[in-house]
Every structure is written in C-alpha cells, then in structure tokens.
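Colleague: Chains as they are written, first to last, in the numbering used here: chain E, 20 to 277; chain V, 434 to 547.
The beta-carbon is built from N, C-alpha and C at its ideal position, and this holds for glycine as well.
Owing to the predicted nature of the structure, the values given are computational and were not obtained by experimental measurement.
Have a look at the structure that comes next, please.
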Amino acid sequence: MDQIYIPKNRSGFETGNYVLVKPLAQNEISGRDIEKPFIYGVSKISPIKIEIIKSIFSLINKNFCPDNVIITGSFLEEGFKFNDIDILIVDEKKQDYKELKHVLEEKIGINIHILSLTSSELREGVSSDPLYENMLSKFISCKRIILNIKRKILPKLLDLHLLKSKSIIDNFDILNGSEKYYLTKNMIAISLFIESKKVSNESINKEIKNKLKVEADDIKKNMIDKESFLRWYTKEYSRVFTMILHMIKKKENKDGPK
Amino acid sequence: MGQNRNKLIDLFIGNMCNAILHKILEKAIDIPEIASKYNKEILNSWNIAKIYREKINPINSILHSKDTEEIEKRIIQRVKSELLIRISKGYKNINIEEVEKFVKEALREMKIIE
C-alpha cells in the first residue's frame, strides 16, 4: 500500500477527515514554502489556529513586508484558554502598527498585542531577559529563525526585573489571577535564568509548584490561600534577590571602581 | 474608616517606593540603551499607586499637611533603605542624593503636594 506523509501540525483538516489526493501543479509547488510557517517548540496546535496564524502573516506581509513575523504566547498553548495573540514584528525600520492591530482585531475577533523590534533588539532581549527567553521557547514564525543565543547575565537589569514582582507582596488583594501569575512567572523565570536552567512555561509552572507549593492554574484562577502563598513567595523573592545582589557585588568588584 | 485610610496610605507608600526605586535603579544601569527599554515597567507600580491615591481622597483636593509630610518622610526613608541595602552589597552608580528630588517630583505628579 502507498503511504502519504503529512505534517503533524497542519492547517485545514482534522484527523479522520476525508481528503482528495491529487498531484500538485508546478505553480503551487513554488509557492509552498511561503505558505508553510516555521514552528518551534509547539508540539500540538489545532488546524484552526494555524489558519488564523497564516491569515495574520498574509495580512502583515501584504501591508508592511517586515523581515519576519513571530507569533508567541498563550495562543500557542493547547486548547482555547488564551487571552490574546502576541505578535512580534521584526524589522529594521520602526512603523506604526496601531491601525494593523485594529484591523486584525476586527478581522479575527481576538485581542492582539503587537511588539515591534529590530533583529538586534530581539537577539539582545533573548540573551539577557528571562521573559523574552520564555516567550521564544515556543513560537511560530513566518520565516525560519535560528536562535543560537548565549545567555548574558546582567545582574542590575535582573534586579530591575525582579522589583516588578515585589508588588504582589503589598498588593495581593488588589491584583487579579492573571496579574499574580505574570508577576510570579517573572520572578521564577529570573531564578531559572540565573541558575542556567531552561526558561519555558512548562519549567516555570513546575518550579512554581516546587517552590511556592501551588499550581500555576490556581494562581491564574486567583484561587490561592493568601497567607501560605505569601510565606513561600516572600522566601523565594528574598532568595532570588540575594543571588542577584551577590552577582552585582562580584561584577562590580571585577569591573573596578567607577 | 480611619484604619482603612491608614491601610490605603500604607499601600500607596509601598507602590510609590517601588516606582521611585525603579526610576533610580534604571539610572544606575551601566547600559543606558537597555535601561531605557524598560521604562514601561515602572508603570505597573505607578498605576497601582494612582488607584490608592484616588481612594485616599479626591484627586483634586489637597491632603492635610500632616499627612503629606508623613507620606513624604516615609517614602524617602523606605527608598533610601532599599538603596542602602544594595550599596552595602557593592552596587555602584547609585546616587542617593537624588532620592528627595525624585520623591518630590513623584508626589507633585500624584497631587499629594503642590
């Protein structure tokens, strides 16, 4: 029996659908590469999401011709529990994407979050910012990207990032579940980054369970016990803060007086 | 009510400290082009502080001078103590002299002082 191989992450049809097999015309073959997005770290994605992504790529490429377009964030997680679609537009020239955001939101009916950056900003971000590394642990891009980036630990910058997460301690009652999760994720991503561990949603959620004794989903749903959570959170915050201060001291001693 | 008001003032002070600390530390980063990219992060604490400010009393009416002096004093103390922790661990480039200036600017913007 002859066999036909198809990509696991494909658009247009689900498992079990009847399909028609026919030879490709020459012009269809030449246009195929543009149609096929580059998928990194995503093990499973529904065909409908691939269709949405392809329509986003097509609209952006038609109107702006950027160097690359990258889709990241919760949209790439399994299921339909995402809040928005995160789009990174990589291009050397900065353009105004307000209208594009509006058009995409009208067309797709999902909130769009656009971040515009140059390729050097993207490289710098991934190498020095734990949340950028997390963001690019899973993505779908219009063109192939090779992210062979060495981590650059800038302790003063990490101190600044960590400060953001301090606000949970003072504002537990006022923050909603997503805000609490974002700030917790930020702190845990920093600790994984410093400890040279992988920074991805899976590793962050595992570490949240390990260090803070709660499930990441319970934080998102805002269903956590304040006293117990803050006890573990404060302990972890001061551990990470101490590590950063230690690195700052080491770096400042190495660089000499200013 | 008095207890609630004191709690709101505490929360306002905590968030203002975070926002001001962020501004000062941003200036201490050795790579300015990186620091400037993170300006938006400051907005988080600043926006929360704004929520509490509006709850303390209507934004257009001035606070009692006793309260404003107390708020200013406590913010300066807390920001300085956070900075001193870092300085004692060897953090360089922090200008502690600027704290009062930053605090006054921020309180003016929040309509706590004139």
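Can you list the residues of chain E that Lys483/V reaches, using a CB-CB cut of under 7 Å?
Modeller: Simply none; closest approach about 12 Å.
Colleague: Give a yes or no on whether 8 Å exceeds the smallest Cβ distance from Lys199/E to chain V.
Modeller: Chain V contact via Cβ: absent.
Colleague: Using a beta-carbon distance cut-off of less than 9 Å, what residues from the stretch 77 to 98 of chain E approach chain V?
Modeller: none
Colleague: Identify each residue in the stretch 508 to 529 of chain V for which the Cβ-Cβ distance to at least one residue of chain E is less than 8 Å, and report them in chain order.
Modeller: If the cut-off is 8 Å between Cβ atoms, the stretch 508 to 529 of chain V has Ile518, Arg519, Lys522, Gly523, Tyr524, Lys525, Asn526 near chain E.
Colleague: Check the DSSP bridge columns for Ile104/E and list the partner residues they point to.
Modeller: Ile131/E
Colleague: For the candidate residues Glu246/E, Thr261/E, Ile133/E, Ser147/E, whose alpha-carbon lies nearest to that of Asp189/E?
Modeller: Of the candidates Glu246/E, Thr261/E, Ile133/E, Ser147/E, the one whose C-alpha sits nearest the C-alpha of Asp189/E is Glu246/E.
Colleague: Just verifying my parser: in three-state terms, what is the DSSP assignment at Gly50/E?
Modeller: At Gly50/E the pLDDT is 47, less than 50, meaning the model places this residue with poor confidence and gives no usable figure here.
Colleague: Anything in chain E within Cβ reach of Ala461/V, meaning under 7 Å, just list it in chain order.
Modeller: Within 7 Å Cβ-Cβ: Lys175.
Colleague: Any Cβ of chain V within less than 8 Å of the Cβ of Leu182/E?
Modeller: yes
Colleague: By DSSP, does Ser222/E sit in helix, in strand, or in coil?
Modeller: helix
Colleague: Assign Val40/E to one of three DSSP states: helix, strand, or coil.
Modeller: coil
Colleague: If the cut-off is 8 Å on Cβ atoms, which residues from the stretch 127 to 138 of chain E count as contacting chain V, listed in chain order?
Modeller: none
Colleague: Can you tell me whether Lys68/E is buried or exposed, with buried defined as 16 or more other CB within 10 angstroms of its CB?
Modeller: buried
Colleague: In terms of DSSP beta bridges, what is Phe158/E paired with?
Modeller: The partner list for Phe158/E (beta bridge, DSSP) reads Tyr59/E.
Colleague: At the level of alpha carbons, what is the spacing between Asn102/E and Ile72/E?
Modeller: 15 Å
Colleague: Any residues in the stretch 259 to 271 of chain E with a beta carbon nearer than 7 Å to a beta carbon of chain V? Which ones, in chain order?
Modeller: For the stretch 259 to 271 of chain E, the residues whose beta carbon sits under 7 Å from a beta carbon of chain V are, in order, Leu264, Ile267, Lys268, Glu271.
Colleague: Hey, Gln114/E and Phe83/E are a contact pair by Cβ (cut 8 Å); roughly how many whole angstroms apart?
Modeller: 6 Å
Colleague: Considering just the uninterrupted stretch of the beta strand (DSSP E) at Thr91/E, what are its terminal residues?
Modeller: 87 to 91
Colleague: Could you check whether Lys183/E and Asn477/V sit closer than 8 Å to each other, using their CB atoms as the reference points?
Modeller: The answer is yes: Cβ separation under 8 Å.
Colleague: Under 7 Å Cβ-Cβ, which residues of chain V neighbour Lys162/E?
Modeller: Result: empty, since nearest Cβ-Cβ is about 24 Å, beyond 7 Å.
Colleague: Determine which residues of the stretch 436 to 462 of chain V have a Cβ less than 7 Å from any Cβ of chain E, and write them out in chain order.
Modeller: Leu444, Gly447, Asn448, Asn451, Leu454, His455, Leu458, Glu459, Ala461, Ile462
Colleague: Between which two residues does the alpha helix (DSSP H) carrying Tyr252/E extend?
Modeller: Per DSSP, Tyr252/E belongs to the alpha helix (DSSP H) from 245 to 274.
Colleague: Got a sec? Which residues, its chain only, sit under 8 Å from Glu505/V by beta carbon, not counting five neighbours each side?
Modeller: Val536, Lys537, Leu540, Ile545, Ile546
Colleague: Can you check whether the C-beta of Ile108/E is within less than 8 Å of a C-beta belonging to chain V?
Modeller: no
Colleague: Do the stretch 133 to 149 of chain E and the stretch 204 to 215 of chain E meet, that is, are 3 or more Cβ pairs less than 8 Å apart?
Modeller: yes
Colleague: How long is the line joining the alpha carbons of Arg258/E and Ile79/E, rounded to whole angstroms?
Modeller: 44 Å
Colleague: Does Ala208/E have its Cβ less than 8 Å from a Cβ in chain V?
Modeller: no
Colleague: Could you check the C-alpha separation between Leu123/E and Lys117/E for me, to the nearest Å?
Modeller: Counting only the Cα atoms, Lys117/E lies some 10 Å from Leu123/E.
Colleague: Along the chain, where does the alpha helix (DSSP H) that runs through Gly288/E open and close?
Modeller: Summary: the structure shown does not reach residue 288/E, with chain E confined to residues 20 through 277, and so no result is reported for it.
Colleague: Counting only the same chain and skipping the five closest in sequence on each side, list residues whose C-beta sits under 8 Å from that of Gly144/E.
Modeller: Counting only Cβ-Cβ distances below 8 Å, and skipping sequence neighbours, we find Leu136, Tyr151.
Colleague: By Cβ distance, which residues of its chain are closer than 7 Å to Pro174/E, with the 5 residues on each side in sequence left out?
Modeller: Ile263, Met266, Ile267, Lys270
Colleague: Please report how far the alpha carbon of Lys81/E lies from the alpha carbon of Ser160/E, in whole angstroms.
Modeller: 16 Å
Colleague: Whole angstroms is fine: what's the gap from Val38/E's alpha carbon to Lys55/E's?
Modeller: 19 Å
Colleague: To the nearest angstrom, report how far apart Asp110/E and Ile453/V are at their CA atoms.
Modeller: 33 Å
Colleague: According to DSSP, simplified to helix, strand and coil, what is Val536/V?
Modeller: helix
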